[in-house]
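Protein sequences appear in the order of chains A and B.
Heads up: take any position in the first sequence, counting from 1, add 60, and you land on the numbering used here.
Heads up: take any position in the second sequence, counting from 1, add 60, and you land on the numbering used here.
There are 2 protein chains.
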Amino acid sequence: MVKKDPSTEEKILTAAREVFHKRGFGGARMQDIADTAGINKALLHYYFRNKENLFNAVFTEALAAMVGTVSNIFMGQGSLEEKLVRFYDYHITFLQQNSYLPWFIINGLYEKPDQIRELMTRNNFHPDKVLARIVDNLKEEGIEMEVPLQMFANILSLSIFPVVARPMLSHFFSLTDEDMDRFYEERKKNLPRFIINGMKFQNPK
Amino acid sequence: MVKKDPSTEEKILTAAREVFHKRGFGGARMQDIADTAGINKALLHYYFRNKENLFNAVFTEALAAMVGTVSNIFMGQGSLEEKLVRFYDYHITFLQQNSYLPWFIINGLYEKPDQIRELMTRNNFHPDKVLARIVDNLKEEGIEMEVPLQMFANILSLSIFPVVARPMLSHFFSLTDEDMDRFYEERKKNLPRFIINGMKFQNPK
DNA sequence: GTCTATATGGCGATAGAC
DNA sequence: GTCTATCGCCATATAGAC
């Protein structure tokens with residue numbers, strides 16, 4: 061199977077993903093995106109009228125992918141630990157390539173909550189249902205939760221924060237890129253047990 | 061005791077803090093800072109030659125506050141669990157009052173990585189020593205850590221992320237302000253045990 | 001020290017030829 | 001669809017009166 065030459069639109073989107081990811085919305089330069097895509101600035105505006113549209117395209121695509129996958133993992137079958145393994149494996153990798161996303165979700169909820177909420181429901185993401193599913197999961201495994209929300213916050217914190225805070229950690233501890241990559245691989249392996257065990261202890265019955 | 065009229069420099073710094081914390085370096089506008097301080101743009105440049113200098117002043121201060129709150133507690137005496145209790149009690153409260161700070165620091169490191177490394181050494185920040193202290197602590201308690209960095213990342217993630225992501229959590233689960241406040245109080249109580257237990261299991265010797 | 005007015009440069013966006 | 005050239009704005013920064 062021959063790989064078709066990527067269309068200009070695809071080239072733009074790929075470039076935009078890369079530049080927005082590195083610099084954020086404000087820091088990204090249309091000129092940079094054009095250069096990375098190997099075209100000129102004017103063409104960007106021909107395809108996506110302005111910077112905001114281009115960002116929204118990239119943002120929506122990423123959000124949809126993430127939300128869909130996460131939902132599938134937790135709503136499906138299997139023990140909680142199995143699900144956590146699959147979740148961290150997917151989510152940490154995904155975040156490494158989209159580390160600006162959490163910030164834009166959080167910030168977007170301040171500025172345009174409806175748009176984001178709409179996007180989430182359109183992609184069939186219902187955090188309350190995911191949480192309910194996790195609680196059911198635990199019940200089947202003989203663990204009763206007092207405050208499920210805490211568990212949900214813990215699960216997300218442990219994957220999102222260390223990836224978003226990558227520059228902070230690597231600066232603080234003078235870590236190379238390879239160090240950081242190993243660090244994230246370690247996390248994927250350790251976090252599921254860490255969570256399950258921490259929780260078991262808190263509900264010792 | 062009479063409160064002296066704040067000097068112009070203090071007014072500028074207060075305003076700069078507010079604007080930079082919310083918008084980061086790239087997003088902040090000198091005009092905004094001037095307006096907030098109740099002066100005009102030219103005066104900003106009179107006091108701090110340029111935007112970069114002003115930013116550095118604010119950033120150094122923020123970094124010091126953040127690192128200070130963390131290291132003071134962990135560098136002192138006591139068992140790890142005691143320290144964790146004190147840490148979360150203090151840190152989560154601190155973050156609730158300074159919820160922009162973590163984003164500001166992380167974002168600052170994205171925007172100007174080189175400059176910040178220089179700032180850190182100049183101001184004698186050594187997070188690696190804090191971590192070494194935690195590891196010593198654990199050794200005294202008979203717990204050997206394979207990858208201390210993981211633990212450090214976990215400790216910080218669990219306090220910082222849920223505060224920064226407050227709008228996300230409250231949107232997802234339709235929580236009131238009172239709900240959220242209770243949520244954070246719960247965390248202060250639960251997190252120390254959660255961490256200690258999760259960790260013990262991972263190092264079962 | 002504090003102001004008004006202005007210079008300077010960069011970036012998003014558009015016009016228009018091909 | 002793709003390019004070159006250029007506009008117009010806005011943000012930082014400076015000049016210079018008071």
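No residue lacks a Cβ here, since even glycine has one placed at the ideal position from N, Cα and C.
Cutoff 8 Å; reference residue 71(A); Cβ partners in own chain excluding five residues on either side: The count along the first sequence starts at 1 and reaches residue 71(A) at position 11. Hits under 8 Å: 97, 98 and 99.
Cα-Cα separation between residue 176(B) and residue 203(B), rounded to whole angstroms: Along the second sequence, read from residue 1 onward, the residue named residue 176(B) stands at position 116. Along the second sequence, read from residue 1 onward, the residue named residue 203(B) stands at position 143. Those two C-alpha atoms are separated by around 34 Å.
Residue 171(B), enclosing alpha helix (DSSP H) - first and last residue: Stepping through the second sequence from its first residue, residue 171(B) is reached at position 111. First-last of the alpha helix (DSSP H) with residue 171(B): 161–171.
Integer-rounded CB distance, given that residue 164(B) should sit under 8 Å from residue 115(B): Sequence index remark: in the second sequence, residue 115(B) carries index 55 (1-based). Sequence index remark: in the second sequence, residue 164(B) carries index 104 (1-based). Contact doesn't hold; Cβ gap of about 10 Å is too wide.
Any chain B beta carbon closer than 8 Å to residue 222(A): Stepping through the first sequence from its first residue, residue 222(A) is reached at position 162. For residue 222(A), the answer is yes, since a Cβ of chain B falls inside 8 Å of its Cβ.
The segment 183–199 of chain B contacting the segment 121–139 of chain B, beta-carbon criterion three pairs below 8 Å: yes
Integer Cβ distance of residue 272(A) from residue 107(A), believed to fall under 8 Å: In the structure displayed, chain A extends from 61 to 265; residue 272(A) sits before or after that span and is not available.
Under 9 Å by beta carbon: chain B residues contacting residue 218(A): Here the question's residue 218(A) lines up with position 158 in the first sequence. 213, 214, 217, 218 and 221, listed in chain order.
Within chain A, the residues that residue 91(B) reaches when beta carbons sit closer than 8 Å: To locate residue 91(B), count along the second sequence from 1; it is residue 31. Going along chain A, no residue has its Cβ under 8 Å from residue 91(B), so there is no contact; the nearest lies around 16 Å.
Residue-level contact to chain A via CB, residue 169(B), 8 Å cutoff: Counted from its first residue, the second sequence places residue 169(B) at position 109. Output row for residue 169(B): interface = yes.
Chain A within 8 Å of residue 105(B), Cβ atoms only: The sequence position of residue 105(B) within the second sequence is 45, counting from 1. Judged by the 8 Å Cβ criterion, residue 105(B) is not in contact with chain A.
Cβ of residue 176(B) within 8 Å of any chain A Cβ: Taking the first residue of the second sequence as 1, we reach residue 176(B) at position 116. Interface residue, yes.
Option in 205(A), 180(A) and 181(A) with minimal Cα separation from residue 192(A): Within the first sequence, the letter at position 132 stands for residue 192(A). When each option's Cα is compared against that of residue 192(A), the closest is 205(A).
Within 8 Å, strictly: CB atoms of residue 144(B) and residue 251(B): Stepping through the second sequence from its first residue, residue 144(B) is reached at position 84. Stepping through the second sequence from its first residue, residue 251(B) is reached at position 191. A contact, by the Cβ cut-off of 8 Å.
Of the listed residues 120(A), 162(A) and 210(A), nearest to residue 182(A) (C-alpha basis): Taking the first residue of the first sequence as 1, we reach residue 182(A) at position 122. Looking at the Cα atoms, 120(A) is the closest of the given residues.
Cβ-Cβ separation, residue 219(A) to residue 151(A) (assumed contact under 8 Å), whole Å: Residue numbering aside, residue 151(A) sits at position 91 when the first sequence is read from its first letter. Residue numbering aside, residue 219(A) sits at position 159 when the first sequence is read from its first letter. Right, their Cβ atoms sit about 5 Å apart.
Burial state of residue 135(B) (16 or more Cβ within 10 Å): If you number the second sequence from 1, residue 135(B) lands on position 75. Counting Cβ neighbours within 10 Å, residue 135(B) comes out exposed, since fewer than 16 surround it.
Contacts of residue 156(A) in chain B (Cβ-Cβ under 9 Å): Position 96 of the first sequence, counted from the first residue, corresponds to residue 156(A). Near residue 156(A) there are no residues of chain B at all, since even the closest Cβ is about 14 Å away, more than 9 Å.
Outcome for residue 110(A) when other beta-carbon atoms lying within 10 angstroms are tallied against a minimum of 16: The residue given as residue 110(A) occupies position 50 in the first sequence. Per the 10 Å Cβ criterion, exposed.
N-terminal and C-terminal residue of the alpha helix (DSSP H) that residue 84(B) is part of: Indexing the second sequence from 1 puts residue 84(B) at position 24. Its alpha helix (DSSP H) spans residues 68–87.
Closer than 7 Å at the beta carbon, the chain A residues around residue 225(B): Translated into positions along the second sequence, residue 225(B) becomes position 165. Those are 166, listed as they occur along chain A.
Neighbour list for residue 127(A) in chain B, Cβ cutoff strictly below 9 Å: Within the first sequence, the letter at position 67 stands for residue 127(A). Near residue 127(A) there are no residues of chain B at all, since even the closest Cβ is about 11 Å away, more than 9 Å.
Residue range of the alpha helix (DSSP H) that includes residue 99(A): Residue numbering aside, residue 99(A) sits at position 39 when the first sequence is read from its first letter. Per DSSP, residue 99(A) lies in no alpha helix (DSSP H) and is assigned neither H nor E.
Beta-carbon spacing of residue 180(A), residue 211(A) below 8 Å: Along the first sequence, read from residue 1 onward, the residue named residue 180(A) stands at position 120. Along the first sequence, read from residue 1 onward, the residue named residue 211(A) stands at position 151. Taking C-beta atoms as the reference points, residue 180(A) and residue 211(A) fail to come closer than 8 Å.
Whole-angstrom distance between residue 256(A) and residue 196(A), CA atom to CA atom: Taking the first sequence and counting its residues from 1, one reaches residue 196(A) at position 136. Taking the first sequence and counting its residues from 1, one reaches residue 256(A) at position 196. Cα-Cα distance, rounded: 14 Å.
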